[in-house]
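One line per chain: the protein sequences are E and B, in this order.
Reminder that position 177 of the first sequence reads as 186 in the numbering used here, one-by-one numbering, no gaps.
Reminder that position 118 of the second sequence reads as 125 in the numbering used here, one-by-one numbering, no gaps.
C-beta atoms are modelled at their ideal positions from N, C-alpha and C, and glycine is treated no differently.
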Amino acid sequence: MSHELPSLPFAQDALAPKISAETLEFHYGKHHQAYVTNLNKLIVGTAFENASLEEIITKADGAIFNNAAQVYNHTFYWNCIAPGSSDGPQGELKSKIESAFDSIESFKEKFIVSAAGNFGSGWTWLVKSADGSLKIVNTSNAGNPLTDGAKPLLTCDVWEHAYYIDYRNARPKYLETFRGMINWDFVASNL
Amino acid sequence: MSHKLPELPYTYDALEPFFDAQTMEIHHTKHHQTYVTKLNGALEGHGELNGKTAEELISDLNAIPESIRGAVRNHGGGHANHSLFWSILKKGVAPVGELSDAIKAQFGSQDAFKEQFSATAGSLFGSGWAWLVNNNGELEIVGTPNQDSPLSVGKTPIIGLDVWEHAYYLKYQNRRPEYINAFFEVLNWEKANEYFLASR
Numbered sequence: 010m011s012h013e014l015p016s017l018p019f020a021q022d023a024l025a026p027k028i029s030a031e032t033l034e035f036h037y038g039k040h041h042q043a044y045v046t047n048l049n050k051l052i053v054g055t056a057f058e059n060a061s062l063e064e065i066i067t068k069a070d071g072a073i074f075n076n077a078a079q080v081y082n083h084t085f086y087w088n089c090i091a092p093g094s095s096d097g098p099q100g101e102l103k104s105k106i107e108s109a110f111d112s113i114e115s116f117k118e119k120f121i122v123s124a125a126g127n128f129g130s131g132w133t134w135l136v137k138s139a140d141g142s143l144k145i146v147n148t149s150n151a152g153n154p155l156t157d158g159a160k161p162l163l164t165c166d167v168w169e170h171a172y173y174i175d176y177r178n179a180r181p182k183y184l185e186t187f188r189g190m191i192n193w194d195f196v197a198s199n200l
Numbered sequence: 008m009s010h011k012l013p014e015l016p017y018t019y020d021a022l023e024p025f026f027d028a029q030t031m032e033i034h035h036t037k038h039h040q041t042y043v044t045k046l047n048g049a050l051e052g053h054g055e056l057n058g059k060t061a062e063e064l065i066s067d068l069n070a071i072p073e074s075i076r077g078a079v080r081n082h083g084g085g086h087a088n089h090s091l092f093w094s095i096l097k098k099g100v101a102p103v104g105e106l107s108d109a110i111k112a113q114f115g116s117q118d119a120f121k122e123q124f125s126a127t128a129g130s131l132f133g134s135g136w137a138w139l140v141n142n143n144g145e146l147e148i149v150g151t152p153n154q155d156s157p158l159s160v161g162k163t164p165i166i167g168l169d170v171w172e173h174a175y176y177l178k179y180q181n182r183r184p185e186y187i188n189a190f191f192e193v194l195n196w197e198k199a200n201e202y203f204l205a206s207r
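So this is what it looks like as structure tokens:
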């Protein structure tokens with residue numbers, strides 16, 4: 010089975026100036042594409058040739074894991090952000106976040122602190138853990154919560170390539186912007 | 008003693024067009040400065056570590072109190088690694104001296120070394136460094152993740168290449184191999200030879 014680069018859920022310039030078209034040209038058009046291309050080359054003749062991304066992520070390691078997880082993580086990330094404003098989380102998602110983190114604002118604060126402190130390249134996630142509770146977790150490099158039996162609800166890419174063109178070294182500024190771009194409908198759909 | 012950002016022995020545009028001035032300035036004044044600031048922050052209230060250099064701190068991480076060990080590893084490493092990196096950059100210096108001979112003896116040729124070093128630097132996944140180290144008398148090419156230093160595992164760095172994306176993204180974006188090629192145009196082999204001689 011050949012994996013494909015999914016279409017972006019928004020126009021390449023739709024997030025500007027928060028996330029520029031130039032960033033997306035590289036982040037989506039080069040980085041995400043390269044992970045897809047590499048994965049398709051790497052799985053030929055292996056047990057993962059016909060496996061789904063999720064199956065590869067939970068069973069593979071090394072380069073196959075890295076590329077499969079990066080394909081998954083980026084697709085998930087694009088869905089987590091959206092142009093325009095949002096009313097914030099509603100219903101079940103809202104009450105679950107409030108019970109885990111006291112309030113929506115306090116969740117956002119903790120998520121950003123976690124993402125700012127994720128040293129090196131990686132991802133910061135809101136997950137539903139195996140016991141049903143919501144947690145914020147950091148992963149390094151291509152790390153994905155599926156390997157710990159948790160269900161990803163929201164992610165933020167903190168590899169430097171996600172923000173360097175627009176924010177340089179100022180990761181906190183990127184995270185402040187991210188905070189206002191969250192696609193809560195998508196997050197709720199993952200519950 | 009408070010750790011300080013070292014001054015560069017050249018101007019930010021000195022390595023153009025291989026390393027651009029804007030990248031050099033942000034890399035030095037923002038990224039490196041942040042490691043220094045955070046290292047100093049971590050060491051506050053730990054007077055017993057006063058007077059130790061960043062290199063000394065990361066050479067014996069077990070001696071660092073557990074509560075700040077991670078911060079010293081990351082930010083002490085970031086400080087030491089960048090300090091070494093700046094010191095081995097200069098345009099137009101050819102491989103020289105005993106290091107050049109030792110590289111030929113260990114890797115077959117200068118080109119074979121460049122190829123192996125580039126492969127390590129190119130395939131390091133995520134943020135990190137590629138190194139030529141002296142490991143108990145043997146030259147060795149190693150990669151480390153994030154700001155981990157070879158010093159922490161008893162190896163002495165001779166050459167270090169930063170492959171965090173911040174080192175090359177403004178000029179080379181996703182094209183890390185082009186950045187690695189550019190590095191060999193600005194590698195100060197004379198300084199590397201000094202480090203090699205001092206490591207023996």
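Here DSSP, grouped into helix, strand and coil, assigns Trp-171(B) to coil. With its beta carbon less than 7 Å from one in chain B, Phe-128(E) belongs to the interface.
If you draw a straight line from the Cα of Ser-112(E) to the Cα of Ile-106(E), it is about 7 Å long. The DSSP assignment places 143–149 as complete runs of the beta strand (DSSP E) inside the stretch 134–159 of chain E, in order along the chain (cut-off: 3 residues). Per DSSP, the continuous beta strand (DSSP E) segment holding Leu-146(B) begins and ends at 145–152.
Look at Ala-137(B) here: in three-state DSSP terms it is strand. Contact between Trp-196(B) and Val-79(B) does not hold, since the beta-carbon distance rounds to 31 Å and is not under 8 Å. Residue contact check for Tyr-176(B) against chain E: a CB pair falls below 7 Å. The stretch 76–107 of chain B contains, as complete alpha helix (DSSP H) runs of 4+ residues, the segments 84–94 (chain order). Contact annotation: the stretch 111–129 of chain E touches the stretch 162–173 of chain E, with at least three C-beta pairs closer than 8 Å. In the three-state scheme derived from DSSP, where H, G and I count as helix and E and B as strand, Trp-168(E) is classed as coil.
Residue state for Asn-192(E) is assigned as coil, using DSSP reduced to three classes.
Look at Thr-163(B) here: in three-state DSSP terms it is strand. Counting only residues of its own chain and dropping the five nearest sequence neighbours on each side, Tyr-179(B) has a CB closer than 6 Å to the CB of Glu-185 and Tyr-186. Contacts between Ala-30(E) and chain B, judged by CB atoms closer than 7 Å, are missing: the closest CB pair is about 14 Å apart. Judged by pairs of C-beta atoms under 8 Å, the stretch 154–165 of chain B touches the stretch 57–69 of chain B, as three or more such pairs exist.
In chain order, Asn-147, Thr-148, Ser-149, Asn-150, Gly-152, Val-167 and Trp-168 place their CB closer than 8 Å to the CB of Gly-131(E), counting only its own chain and leaving out the 5 sequence neighbours on each side.
Within the DSSP secondary-structure output, Ile-110(B) pairs in no beta bridge. Distance check between Asp-194(E) and each of Ile-73(E), Gly-97(E), Leu-51(E) and Phe-35(E) places Gly-97(E) closest, using alpha-carbon atoms only.
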